[in-house]
Amino acid sequence: MKSFYLPRLIISAQKGGAGKTLFALGLVASLRESGEKVIPFKKGPDYIDAGWLSFAAKHPCYNLDPFFMAPSVILSSFLAHAQPQSISIIEGNRGLLDGVDPEGSCSTAQLARILRAPVILVLDCTKVTRSLAAFVKGCQVLEEDLSFGGVILNQIVRTRHEKIIARSIEQYTGLRVLGIMPRLKNFSLPMRHLGLLPWQEHGEGEKVIKELSKVISKNVDLETIKILAHQAVPLYGNPLSWPQNPSRVKIGVFRDQAFQFYYPENLAALKALGAEIIFLNALKDRSLPADLDALYIGGGFPETQAEELAANKSLREDLKIALEEGLPAYAECGGLMYLGRIIKWRGKTYEMVGVLPVDFEVKDRPQGHGYVRANVINPNPFYPVGTKILGHEFHYSRPVNVREEQVSLVLNLEKGHGFLRKLDGVVYRNVFGAYTHVHVLGQPLWAKGLVEAALEWKSGQRSDWQRVSSSEFLIGTYRQTKI
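Under our numbering, think of the first position of the sequence shown as 489, with each following residue one higher.
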């Protein structure tokens with residue numbers, strides 16, 4: 489077991505919406521502009537914030553989640569991506585203490601313990617002063633084993649407002665106020681359903697990041713923050729490693745404005761197991777490459793791009809023919825919607841691929857949101873029966889006009905909403921579509937199943953969907969540091 493000196497900080501807050509994402513983005517950008525190399529991480533199942541962090545850092549952002557991953561896996565993943573000559577910025581989610589139960593399991597605080605990382609708290613100071621000192625003191629008492637580096641005051645209006653809060657916090661907690669974020673007039677990151685507008689669709693992403701960088705550089709003690717990051721204690725463990733297998737199959741991955749939600753590790757795992765990734769554009773490509781062995785269609789916003797998706801009729805027809813012939817395809821959330829017959833949104837109806845006998849309607853409120861625990865109960869192209877899946881869902885759409893006699897629902901959900909009636913995982917021929925997103929470090933069978941299905945298709949073999957039990961499939965595949 490090796491020791492690693494890795495400068496790092498966790499950015500957290502007292503609640504969701506306190507401003508930690510804006511601060512984290514500005515901090516990443518200002519550190520990078522000061523000459524530092526920054527490697528971003530995001531706690532929890534999040535694609536959009538992670539995308540913005542990657543955009544600000546000009547470096548891939550990696551997700552770390554105590555719900556999906558054992559502590560040893562989180563540590564191994566972090567050790568594989570962080571670097572001694574860089575500063576790792578890890579953005580938490582929700583409040584520091586918020587988890588899936590009263591004990592705070594899977595919280596940002598738990599992640600901070602695993603990574604032994606100093607915590608900077610971003611505090612929303614709207615209509616409050618001295619009470620914030622009590623909150624910070626409470627965090628110190630409840631989480632005695634955490635290292636708190638300091639505090640950032642957000643939504644500061646006047647100097648007097650700042651001084652009262654700063655003096656209270658420093659007097660009662662001993663923590664330094666490292667800077668402020670003034671109330672920003674005429675500035676905000678556009679929001680819509682599922683959260684922030686993705687940077688790919690923003691149009692002025694560079695301008696936003698530069699503005700945030702200026703705010704942080706002007707109002708925050710960057711030098712002290714750098715010192716705090718470099719004071720992080722050494723970590724001990726083994727970095728996650730990927731095997732190097734020659735390419736044996738070609739897997740098409742749709743990546744465009746409609747389908748953006750992919751964990752970097754998921755793509756890395758496919759490559760490690762012998763897949764060549766062929767990126768496709770559902771909006772612009774007019775046909776499907778003839779030599780593909782499987783498809784992976786991630787989540788995203790097919791509803792906002794529905795007019796263009798519908799207009800690309802030649803690709804939709806090509807896809808339907810290939811999938812009807814048995815080409816394996818794994819589709820998550822937005823990808824699932826794309827493979828249905830139609831998408832209804834804001835009073836309009838758009839034709840989609842039509843291989844799944846389902847229509848989708850996008851509502852004004854979330855139809856499923858949160859972590860998922862699922863069991864594979866029926867045969868399917870990718871998972872052995874009996875496999876347990878930890879994932880997450882966040883969707884405003886719901887299926888309507890479902891022809892259940894034509895599909896199989898293969899996931900039984902202990903936690904989560906899913907497709908319908910606590911079931912998920914729609915299977916038709918070699919297509920698997922689900923609202924549930926998975927991360928390969930939480931379920932390594934996902935990558936193995938997709939690559940093996942591609943190999944079977946390439947070789948012309950017919951799958952009986954019961955290749956091997958989940959326990960046998962895991963042997964030698966993934967043990968803490970390998971996949």
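Cβ coordinates follow ideal geometry from the N, Cα and C atoms, glycine included.
CA nearest to the CA of Ile668, picked from Asn733, Phe511, Gly823, Pro533: The sequence position of residue 668 within the sequence shown is 180, counting from 1. When each option's Cα is compared against that of Ile668, the closest is Phe511.
Length of the line joining the Cα atoms of Val915 and Gly874: What you label residue 915 is simply residue 427 of the sequence shown in a count that begins at 1. What you label residue 874 is simply residue 386 of the sequence shown in a count that begins at 1. Val915 and Gly874: Cα-Cα distance of roughly 16 Å.
8 Å CB neighbourhood of Asn505 in its chain, flanking five on each side removed: Sequence index remark: in the sequence shown, residue 505 carries index 17 (1-based). Per the sequence presented here, residue 505 reads as Gly, with Asn not at that position. Hits under 8 Å: Asp612.
At least three beta-carbon pairs within less than 8 Å, the segment 832-847 to the segment 789-807: yes
Range of the contiguous alpha helix (DSSP H) that encloses Phe623: Here residue 623 is taken as the residue at index 135 of the sequence shown, counted from 1. From DSSP, the alpha helix (DSSP H) with Phe623 extends over 619-630.
Of the listed residues Leu844, Trp730, Gly587, Asn800, nearest to Leu929 (C-alpha basis): Here residue 929 refers to the residue found at position 441 of the sequence shown. When each option's Cα is compared against that of Leu929, the closest is Trp730.
Three CB pairs or more closer than 8 Å across the segment 716-726 and the segment 751-771: no
Cβ pair count under 8 Å reaching 3, the segment 536-551 against the segment 648-655: no
Sufficient close CB pairs (3 or more, under 8 Å) joining the segment 853-860 to the segment 872-887: yes
Ser576 and Leu494 closer than 8 Å at C-beta: For this step, residue 576 is matched to residue 88 along the sequence shown. For this step, residue 494 is matched to residue 6 along the sequence shown. Yes. Within cutoff.
Under the three-state DSSP convention, the category Met840 falls into: The sequence position of residue 840 within the sequence shown is 352, counting from 1. Met840 falls in the coil class under three-state DSSP.
Test item: CB-CB of Gln894 and Pro845 under 8 Å: Locating residue 894 in the sequence shown gives position 406, counting from the first residue. Locating residue 845 in the sequence shown gives position 357, counting from the first residue. In this structure, Pro845 lies closer than 8 Å to Gln894 by Cβ.
Leu775 burial status per 10 Å Cβ neighbour count (16 or more: buried): The residue you call residue 775 lines up with position 287 of the sequence shown. Strictly speaking, residue 775 in this sequence is Ser, with Leu absent from that position. Looking at its Cβ environment, which holds fewer than 16 other Cβ atoms inside 10 Å, Ser775 is exposed.
Which of helix, strand or coil DSSP assigns to Ser729: As a first step, residue 729 is located in the sequence shown; it is residue number 241 there, counting from the start. Strand, per DSSP.
Beta bridge counterpart(s) of Met1027 as assigned by DSSP: The first residue shown for the chain is 489 and the last is 971, placing residue 1027 beyond what the model contains.
For Phe870 and Ala817, the rounded distance between their alpha carbons: Numbered from its first residue, the sequence shown carries residue 817 at position 329. Numbered from its first residue, the sequence shown carries residue 870 at position 382. Answer to the nearest angstrom: the Cα atoms are 9 Å apart.
Boundaries of the alpha helix (DSSP H) in which Ala501 is found, first to last residue: Locating residue 501 in the sequence shown gives position 13, where the first residue counts as 1. That residue, Ala501, is in no alpha helix (DSSP H); its beta strand (DSSP E) goes 496-501.
Counted within 10 angstroms of its Cβ, other Cβ atoms place Ile602 as buried (16 or more) or exposed: Here the question's residue 602 lines up with position 114 in the sequence shown. Burial call: buried.
Which of helix, strand or coil DSSP assigns to Ile865: Position 377 of the sequence shown, counted from the first residue, corresponds to residue 865. In this structure, Ile865 counts as coil in the three-state DSSP scheme.
Contact check, Ala763 vs Ile785, beta carbons under 8 Å: As a first step, residue 763 is located in the sequence shown; it is residue number 275 there, counting from the start. As a first step, residue 785 is located in the sequence shown; it is residue number 297 there, counting from the start. For Ala763 and Ile785, no; Cβs fall outside 8 Å.
Whole-Å CB distance - Ala621 paired with Ile578, under 8 Å assumed: Your numbering for residue 621 matches position 133 in the sequence shown. Your numbering for residue 578 matches position 90 in the sequence shown. Wrong, their Cβ atoms sit about 25 Å apart, outside the cutoff.
Per DSSP, cross-strand counterpart(s) of Trp833: The count along the sequence shown starts at 1 and reaches residue 833 at position 345. In the DSSP output, where bridge partners are listed per residue, Trp833 has Lys836.
Buried/exposed call for Gln571, threshold 16 Cβ in 10 Å: Here residue 571 is taken as the residue at index 83 of the sequence shown, counted from 1. Result: exposed.
Sufficient close CB pairs (3 or more, under 8 Å) joining the segment 700-708 to the segment 511-521: yes
Arg861 versus Asn707 - alpha carbon distance: For this step, residue 861 is matched to residue 373 along the sequence shown. For this step, residue 707 is matched to residue 219 along the sequence shown. Their Cα atoms are separated by approximately 43 Å.
Candidates Ser518, Gln502, Leu771, of which the one nearest Ala799 by Cα: The residue labelled residue 799 in the question sits at position 311 within the sequence shown. If we check each option's Cα against that of Ala799, Leu771 comes out closest.
Secondary structure of Phe511, DSSP reduced to three states: Along the sequence shown, one-based indexing puts residue 511 at 23. Of the three classes helix, strand and coil, the one that applies to Phe511 here is helix, per DSSP.
Endpoints, beta strand (DSSP E) assigned at His718: Walking along the sequence shown from the start, residue 718 turns up at place 230. Here His718 belongs to no beta strand (DSSP E); instead the alpha helix (DSSP H) covers 710-718.
Among Gln598, Leu716, Glu892, Glu524, nearest to Asp553 - alpha-carbon criterion: Position 65 of the sequence shown, counting from 1, holds the residue named residue 553. For Asp553, the nearest C-alpha among the options comes from Gln598.
For Ile715 and Leu899, the rounded distance between their alpha carbons: Against the sequence shown, residue 899 aligns to sequence position 411. Against the sequence shown, residue 715 aligns to sequence position 227. Going by the C-alpha atoms only, they are around 48 Å apart.
Span of the alpha helix (DSSP H) around Gly879: Within the sequence shown, numbered from 1, the residue matching residue 879 stands at position 391. Unbroken run through Gly879 is the beta strand (DSSP E), 876-883; no alpha helix (DSSP H).
Nonlocal neighbours in the same chain, by C-beta distance under 6 Å from Arg829, ignoring five residues either side: Walking along the sequence shown from the start, residue 829 turns up at place 341. If we look at Arg829 and ignore the five residues flanking it on each side, its Cβ neighbours are Gly842, Asp847.
Leu666 and Val639 closer than 8 Å at C-beta: Numbered from its first residue, the sequence shown carries residue 666 at position 178. Numbered from its first residue, the sequence shown carries residue 639 at position 151. Yes, Cβ-Cβ distance for Leu666 and Val639 is below 8 Å.
Alpha carbon of Leu663 to alpha carbon of Gly637, nearest angstrom: Taking the first residue of the sequence shown as 1, we reach residue 663 at position 175. Taking the first residue of the sequence shown as 1, we reach residue 637 at position 149. Approximately 7 Å, taken between the alpha carbons.
Whole-Å CB distance - Gly583 paired with Gln643, under 8 Å assumed: Taking the first residue of the sequence shown as 1, we reach residue 583 at position 95. Taking the first residue of the sequence shown as 1, we reach residue 643 at position 155. The pair is not a contact, with the Cβ atoms about 16 Å apart (cut-off 8 Å).
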